[in-house]
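Following numbering that gives the first Met the number 0, the numbering of the sequence shown begins with 0 at its first residue and continues without gaps.
Notes follow once the structure below has been shown.
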Amino acid sequence: MKVVTFFNHAGGVAKTSTARDVGYVLSELGRRVLLIDVDPQANLTRWLGVDDDVSLARTIYPAVLGESDRDEGRGAAAAAAKGAADEELALPEPLRVHGMDLIPSNLNLAILEREILSVFMGVVRLREAVRRLEGYDYVLIDPPPSLGQLSALAVVAADRVVVPLPTNRKGLDGIPTVIRMVREYRKAARGLDIALFVLTQHDRRTRHDREVLEAIRNQLTAVAPVSTPLGSRPAYYSDAQVQGMPISLYAKGSEADREIRQVTAELLAQLEGGARG
Numbered sequence: 000m001k002v003v004t005f006f007n008h009a010g011g012v013a014k015t016s017t018a019r020d021v022g023y024v025l026s027e028l029g030r031r032v033l034l035i036d037v038d039p040q041a042n043l044t045r046w047l048g049v050d051d052d053v054s055l056a057r058t059i060y061p062a063v064l065g066e067s068d069r070d071e072g073r074g075a076a077a078a079a080a081k082g083a084a085d086e087e088l089a090l091p092e093p094l095r096v097h098g099m100d101l102i103p104s105n106l107n108l109a110i111l112e113r114e115i116l117s118v119f120m121g122v123v124r125l126r127e128a129v130r131r132l133e134g135y136d137y138v139l140i141d142p143p144p145s146l147g148q149l150s151a152l153a154v155v156a157a158d159r160v161v162v163p164l165p166t167n168r169k170g171l172d173g174i175p176t177v178i179r180m181v182r183e184y185r186k187a188a189r190g191l192d193i194a195l196f197v198l199t200q201h202d203r204r205t206r207h208d209r210e211v212l213e214a215i216r217n218q219l220t221a222v223a224p225v226s227t228p229l230g231s232r233p234a235y236y237s238d239a240q241v242q243g244m245p246i247s248l249y250a251k252g253s254e255a256d257r258e259i260r261q262v263t264a265e266l267l268a269q270l271e272g273g274a275r276g
């Protein structure tokens, strides 16, 4: 089982749609896929056509905070120590959607951002819970676009990181922070590295995007592989979101479908030593 987190601290970089679409293509290739939504905005959940009006018990919350962690009768340190000893915190039963399993999110998950700070070794709780899972080839995690505790929780849970980067100035400027943070997270997750930089929102018609694409490739080739660009197709992606469908299901046979399949093959080449399927 391989655990991959799609990470970028900036919003609007096609992180969530890329996680959704790669997951779907993997499932079509016969891989058993679990998607985990760690973002209180719950975009991954809603963009798969799932209502985000779910209880905290259906989210990652019970895998991170046990009852003893929330016991107001004890101090935080004592509660955390007892929780680790007495409870094997587990992820909830997932939902089945589009051939994949999903652990959804909702806005209430935002309370973890502060609560996790009082839990001893809280940042590794999701990592521990994920590694007790059985029956999956891939676990794909979508954190919020931030540098907060939920993002740390999600990245530390991973074996590898996929970094979506738009081929514009925003993507270029964000590179140093992304690389620095992955190195920081590695202190709590030995062996963590970047599997692939996925280039997104590329408009090959503009000189700006072509120049940024070249600059990103020049900067990053020595750090990790850089993908074939995913084109900028706002209408396709917006419609797929509204329909609650991965792009390869919504627009099968389209150029957007072909591109995400190519990027997934490139990711598989890094994770499995060559795409199968």
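Glycine included, every Cβ here is placed at the ideal spot set by N, Cα and C.
Exercise for the section: Assuming Gly93 and Leu101 form a contact by the criterion Cβ under 8 Å, report the distance between their Cβ atoms to the nearest whole angstrom. Expected result: Just to set this straight, residue 93 is Pro in the shown sequence, not Gly. Contact flag correct, Cβ pair sits at about 6 Å.
*Compute the beta-carbon to beta-carbon distance between Val12 and Pro165, rounded to the nearest angstrom, for a pair I have assumed lies under 8 Å.*
Cβ-Cβ separation between Val12 and Pro165: approximately 5 Å, consistent with a contact (criterion under 8 Å).
field: Beta carbon of Ala56 nearer than 8 Å to that of Leu106
entry: No; because the gap between Cβ atoms is not below 8 Å, this pair is not in contact.
If you reduce the DSSP assignment to three classes, tell me which class Thr4 lands in.
Strand at Thr4.
Mapping DSSP to helix, strand and coil, what is Leu33?
Secondary structure at Leu33: strand, using DSSP grouped into helix, strand and coil.
*DSSP state of Leu55 mapped onto helix, strand, coil*: Helix, per DSSP.
Query - Residue span of the beta strand (DSSP E) that contains Ile110, given as start and end - result: Per DSSP, Ile110 belongs to no beta strand (DSSP E) and is neither H nor E.
* Three or more C-beta pairs closer than 8 Å, one from the region 128-146 and one from the region 15-23: is that the case here? -> Contact between the region 128-146 and the region 15-23 is present, because at least three Cβ pairs lie under 8 Å.
task: Kindly indicate which three-state DSSP category Ala84 falls into: helix, strand or coil?
output: Annotation note: pLDDT 42 at Ala84 (below 50); position unreliable, no value reported.
### Message
Please state whether the Cβ-Cβ distance between Pro224 and Gln269 is less than 8 Å.
### Response
The answer is yes: Cβ separation under 8 Å.
- request: For the alpha helix (DSSP H) holding Asp172, just list the boundary residues, first then last.
  value: Run containing Asp172: Arg168 to Tyr184, per the alpha helix (DSSP H) assignment.
Drop a sphere of 10 angstroms on the beta-carbon of Ala234, count the other beta-carbons inside from all chains shown, and report buried for 16 or more, exposed for fewer.
With fewer than 16 other Cβ atoms inside 10 Å of its own Cβ, Ala234 counts as exposed.
Taking the continuous beta strand (DSSP E) assigned at Ile102, which residues delimit it? If you look at Ile102, you'll find it in the beta strand (DSSP E) that goes Met99 to Ile102.
- Based on the DSSP output, what are the partners of Phe196 in its beta bridges? Answer is Val162 and Val225.
message: Using a 10 Å radius around the Cβ and a threshold of 16 neighbouring Cβ atoms, would you call Asp36 buried or exposed?
response: Asp36 comes out buried.
_Given a cut-off of 8 Å on the beta-carbon distance, is the pair Arg30 and Asp158 in contact?_
No, the Cβ-Cβ distance between Arg30 and Asp158 is not below 8 Å.
Could you tell me the boundaries of the alpha helix (DSSP H) in which Tyr60 lies?
-> Here the alpha helix (DSSP H) through Tyr60 covers Tyr60 to Val63.
Given that a residue counts as buried once 16 or more other Cβ atoms are within 10 Å of its Cβ, and exposed if not, what is Ile246? Its Cβ being crowded by 16 or more others within 10 Å, Ile246 is buried.
| Tell me the DSSP bridge mates of Ile140? | Per DSSP, Thr4 and Ile35.
Compare the Cα-Cα distances from Ala128 to each of Arg113, Leu146 and Leu152 and report the closest residue. The option with the nearest alpha carbon to Ala128 is Leu152.
Going by CA-CA distance only, name the one from Arg189, Val63 and Pro163 that's closest to Phe119. Out of Arg189, Val63 and Pro163, Val63 has the C-alpha closest to the C-alpha of Phe119.
### Message
On the DSSP letters alone, give me the boundaries of the beta strand (DSSP E) that Val96 sits inside.
### Response
Segment Leu94 to Val96, the beta strand (DSSP E) holding Val96.
Determine whether the beta carbon atoms of Ser226 and Val262 lie at a separation below 8 Å. Contact flag set, yes.
Check: By Cβ distance, which residues of its chain are closer than 6 Å to Glu265, with the 5 residues on each side in sequence left out?
Finding: Only Ser226 meet the Cβ criterion.
inquiry  = If I measure Cβ to Cβ from Glu114 and keep anything under 7 Å in the same chain, skipping five residues before and after, which residues do I get?
reply    = The residues are Leu64.
Gly243 versus Val123: straight-line alpha-carbon distance, rounded:
Looking at the backbone, the Cα of Gly243 and that of Val123 are separated by about 31 Å.
Taking only the alpha-carbon atoms, compute the straight-line gap between Tyr249 and Pro103 and give it to the nearest angstrom.
Between Tyr249 and Pro103, the alpha-carbon positions lie close to 21 Å from each other.
>> Pop quiz: Tyr184 and Met99 are said to be a contact at Cβ under 8 Å. What is the actual Cβ separation, rounded to whole angstroms?
In response: The beta-carbon distance between Tyr184 and Met99, rounded to whole angstroms, is 25 Å. This is too long to meet the 8 Å contact definition.
Quick one: what's Gly230 bridged to in DSSP?
According to DSSP, Gly230 bridges with His201.
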